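In our numbering, the protein residues as written are -1 to 452.
See structure below.
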């Protein structure tokens, strides 16, 4: 098991124990939970339609001494502490109703019990749609999605907001169509697809290993955090023009480097792969990206064409609508993003791809290869390489490019300090505070550490 996985398991265990002991947030009055060998149920509703297999004889406890106002129910079975999300129709052991649920309920996270079968193939799937969802229904929709979809053994992320849904999940290949059908029924048929439509996407890679460790379902303030929550409403803006991969490819053939093509991804994404003529944003968050977009287009003729690309399309859908609201008339984007373009060029080997390198992915793969070009270098020895990894020291977790030689030399860490921390369990790198911006932009730190080691 990797160091990152071990860290995640320890974190989840700590979170459960803290809640149990009432150290982080107050907990609810006792909740009686009955169980069977196949599922857990409550006296009000079924919370998990499928969990890990349980023995026939089990032990159930209730915690009557905990204060009221909880958002989590706990179950202890055979010395295991599991938690399930709060539901307003649960009943206490005394038979009285619980208080109304809090406005914002806790995150729903589910970790499958153990690794999948060796011969099990998984497909990575994404979906987003920009359509209004009543805020009063978001929390219930979140729980309904979880209960309906967890049976497909999916892992990944599902984000809901008043503006729509955005998901990136991994599912066994035999469940792909059932998953799509369920999402169609639960979301698209109920709330509509919006003017942008429903943008489905599947990975460029062939089905393979599971690329997420757990399933997370959450309600967000925005589908993509752009730092402009109170400045504009995505639902009140016009959608950009969507170009299918073939149309987008032909358009780039026509305009060459004369058109403004903007890569709306972060710097660590475009470092390993990009469109040849694209303007690359030197940023680490989408908020920074939007700020740079304002600077880039300041004073530009709003009648001129603007082309936009990103990984799967949602960042361009949001930023394209933002530009349309600001008065830009001709905003075009690649439908399905680089992932869909990658499938297009792989299906047509006779054409020359405008994209070179790898498409960075926010999952365990850390990228899918589009072309054989390598446009980046190892951050530790400058050898041409484009595999992105995380430092094995979970207190650091730096995201950087590392070649096989440096990976073996530094034991999958970013340098001497973290290598020492992983090997010995001590040193300053064991306790250093986590910082996202340092994690995704560690270049100068790597050079400093390696120069010290030399």
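Cβ coordinates follow ideal geometry from the N, Cα and C atoms, glycine included.
Keep in mind it's a predicted model, so treat the numbers as computed, not measured.
query, result
"Proximity of residue 192 and residue 124 at Cβ, strictly below 9 Å", "no"
"Local conformation of residue 339 per DSSP, three classes", "helix"
"Cβ shell of residue 120 (< 8 Å), same chain only, five flanking positions each side left out", "114, 168, 169, 170, 171, 205, 206, 207, 208, 209"
"Helix, strand or coil at residue 427 according to DSSP, with G and I counted as helix", "helix"
"Other residues of its chain near residue 348: CB distance less than 7 Å, five sequence neighbours each side excluded", "none"
"For residue 123, the three-state DSSP class (helix, strand or coil)", "strand"
"Distance between beta carbons of residue 394 and residue 430, contact taken as under 8 Å", "7 Å"
"Under the three-state DSSP convention, the category residue 154 falls into", "strand"
"The region 150 to 166 contacting the region 219 to 230, beta-carbon criterion three pairs below 8 Å", "yes"
"Rounded Cβ spacing between residue 305 and residue 257 (contact assumed at less than 8 Å)", "6 Å"
"Contacting residues, own chain, Cβ-Cβ under 6 Å from residue 279 (five flanking each side not counted)", "287, 290"
"Coil, strand or helix - residue 326 by DSSP", "coil"
"The region 181 to 198 in contact with the region 125 to 145 per 3-pair CB rule at 8 Å", "yes"
"For residue 320, the three-state DSSP class (helix, strand or coil)", "helix"
"Member of 397, 396, 398, 417 whose CA lies at the smallest distance from the CA of residue 406", "417"
"Run of the alpha helix (DSSP H) containing residue 422, from where it starts to where it stops", "414 to 422"
"Sequence-distant residues of its chain with Cβ nearer than 7 Å to residue 435 (five each side left out)", "282"
"Burial state of residue 345, where buried means 16 or more other Cβ atoms lie within 10 Å", "exposed"
"Pair within 9 Å by beta-carbon distance, residue 364 and residue 387", "yes"
"Reduced DSSP category for residue 235 - H, G, I as helix; E, B as strand; rest coil", "coil"
"Contacting residues, own chain, Cβ-Cβ under 8 Å from residue 266 (five flanking each side not counted)", "282, 358, 386, 397, 438, 439"
"Buried/exposed call for residue 112, threshold 16 Cβ in 10 Å", "exposed"
"For residue 275, three-class secondary structure by DSSP", "coil"
"Exposed unless 16 or more other CB atoms sit within 10 angstroms - verdict on residue 433", "exposed"
"Option in 155, 181, 335 with minimal Cα separation from residue 211", "155"
"Spatial distance of residue 108 from residue 213 (CA atoms)", "5 Å"
"Contact under 9 Å by Cβ, residue 139 with residue 185", "yes"
"Start-end ranges of the alpha helix (DSSP H) lying completely within the region 177 to 263, minimum 4 residues", "243 to 253"
"Candidates 181, 311, 293, 321: closest to residue 303 by CA position", "321"
"Whole-number beta carbon distance between residue 271 and residue 373, since they are thought to touch under 8 Å", "7 Å"
"Helix, strand or coil at residue 133 according to DSSP, with G and I counted as helix", "helix"
"Same chain, Cβ closer than 6 Å to residue 351, neighbours up to 5 away in sequence not counted", "343, 369"
"Contacting residues, own chain, Cβ-Cβ under 6 Å from residue 250 (five flanking each side not counted)", "352"
"Contact set for residue 366: own chain, Cβ-Cβ below 7 Å, skip 5 residues either direction", "201, 202, 203, 340, 356, 357, 359"
"DSSP three-state assignment for residue 104, whether helix, strand or coil", "coil"
"DSSP-derived helix/strand/coil call for residue 173", "helix"
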